[in-house]
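If you read the protein sequences in the order shown, they are chains A and B.
Quick note on numbering: the working numbering labels position 41 of the first sequence as 41, and the sequence is numbered without any gaps.
Quick note on numbering: the working numbering labels position 79 of the second sequence as 1079, and the sequence is numbered without any gaps.
Backbone N, C-alpha and C define an ideal beta-carbon position, used for all residues, glycine too.
For reference, the structure is listed below as structure tokens.
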Amino acid sequence: NAGVTQTPKFQVLKTGQSMTLQCAQDMNHNSMYWYRQDPGMGLRLIYYSASEGTTDKGEVPNGYNVSRLNKREFSLRLESAAPSQTSVYFCASKRPGREGVAEQFFGPGTRLTVL
Amino acid sequence: GENVEQHPSTLSVQEGDSAVIKCTYSDSASNYFPWYKQELGKRPQLIIDIRSNVGEKKDQRIAVTLNKTAKHFSLHITETQPEDSAVYFCAAGIGNQFYFGTGTSLTVIP
């Protein structure tokens, strides 16, 4: 099993450009997540998808859109990148658990710089 | 929404000493409390977790305690080793959502 994979690993954008971050998991998990990690801020939830066909906003959704393409794939799109979106982006997935309790598995991350 | 606070933000200990990291949460509905270790440039990896119906859990040199009444939980690492140096994050889970602390940078001095 590859677990959770993300592409690309690194990306540099100019202000106003758009791009899509890709995430896929091969663990047959229902739930998938997108986080951003900034120095001193921990991990903040951007969007999540509890199951195929559903998406919900997290703490910091502004400037982002997501698509749950199928059970395996969950993409994050920046329509018009801004310097404030410079960050490390992590995708994660989670299997169903009793009362929703289960471990999250993280991808390797995408380091995005917006100039 | 849930608010998770983590202290201290940095911690230095001598090799062999113990390290303790503390977190508080605000929402009594939170029922899952994982701890992640993140090495520089790597992804967060789960090191231990505890459910709300358990007060303490131990795995070799690592233990987590939970006080539901006070809404706080702690990570304890005993007999620290240089390879324990990393950033540690606590989190509180409610259903499908997780809220993370801001991290503790632990340095173990040989």
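- The way I'd put it, the region 70 to 79 of chain A doesn't touch the region 1009 to 1022 of chain B; fewer than three beta-carbon pairs between them come closer than 8 Å.
- With a minimum length of 3 residues, the unbroken runs of beta strand (DSSP E) contained wholly in the region 78 to 112 of chain A fall at 87 to 94, 104 to 106.
- DSSP places B:Pro1008 in the coil class of the three-state scheme, outside both helix and strand.
- The C-beta of A:Ser31 comes closer than 7 Å to at least one C-beta of chain B.
- At a C-beta separation below 8 Å, B:Asp1049 has these neighbours in chain A: Glu103.
- Assigned with DSSP and collapsed to three states, B:Glu1015 falls in coil, not helix or strand.
- Nearest in C-alpha terms to A:Tyr35, of all of A:Arg95, A:Gly16, A:Arg77, is A:Arg77.
- The region 59 to 67 of chain A makes no contact with the region 96 to 114 of chain A; the number of CB pairs closer than 8 Å stays below 3.
- For B:Pro1082, the three-state secondary structure derived from DSSP is helix.
- From the beta-carbon of A:Tyr48, the residues of chain B found nearer than 8 Å are Asn1096, Gln1097.
- Straight through space, the alpha carbons of B:Asn1096 and B:Lys1068 are spaced by roughly 20 Å.
- Contact residues of the region 1069 to 1086 of chain B toward chain A are absent (C-beta to C-beta distance below 9 Å).
- Of the candidates A:Val114, A:Asn1, A:Asp56, A:Gln25, A:Gln25 places its Cα closest to the Cα of A:Thr7.
- At a beta-carbon threshold of 7 Å, the residues of chain A lying near B:Arg1043 are Phe90, Phe106, Gly107, Pro108, Gly109, ordered along the chain.
- Think of a sphere of 9 Å around the beta carbon of A:Gly16: no beta carbon from chain B falls inside it, the nearest being about 28 Å out.
- For A:Ser51, no beta strand (DSSP E) run applies, since DSSP gives it neither H nor E.
- When DSSP states are grouped into helix, strand and coil, A:Ala2 belongs to the coil group.
- Rounded to the nearest whole angstrom, the CA to CA distance from B:Asn1053 to A:Tyr33 is 26 Å.
- Boundaries of the beta strand (DSSP E) harbouring B:Lys1057: 1056 to 1059, taken from the DSSP string.
- Around the beta carbon of A:Thr15, fewer than 16 other beta carbons sit within 10 angstroms, so the residue counts as exposed.
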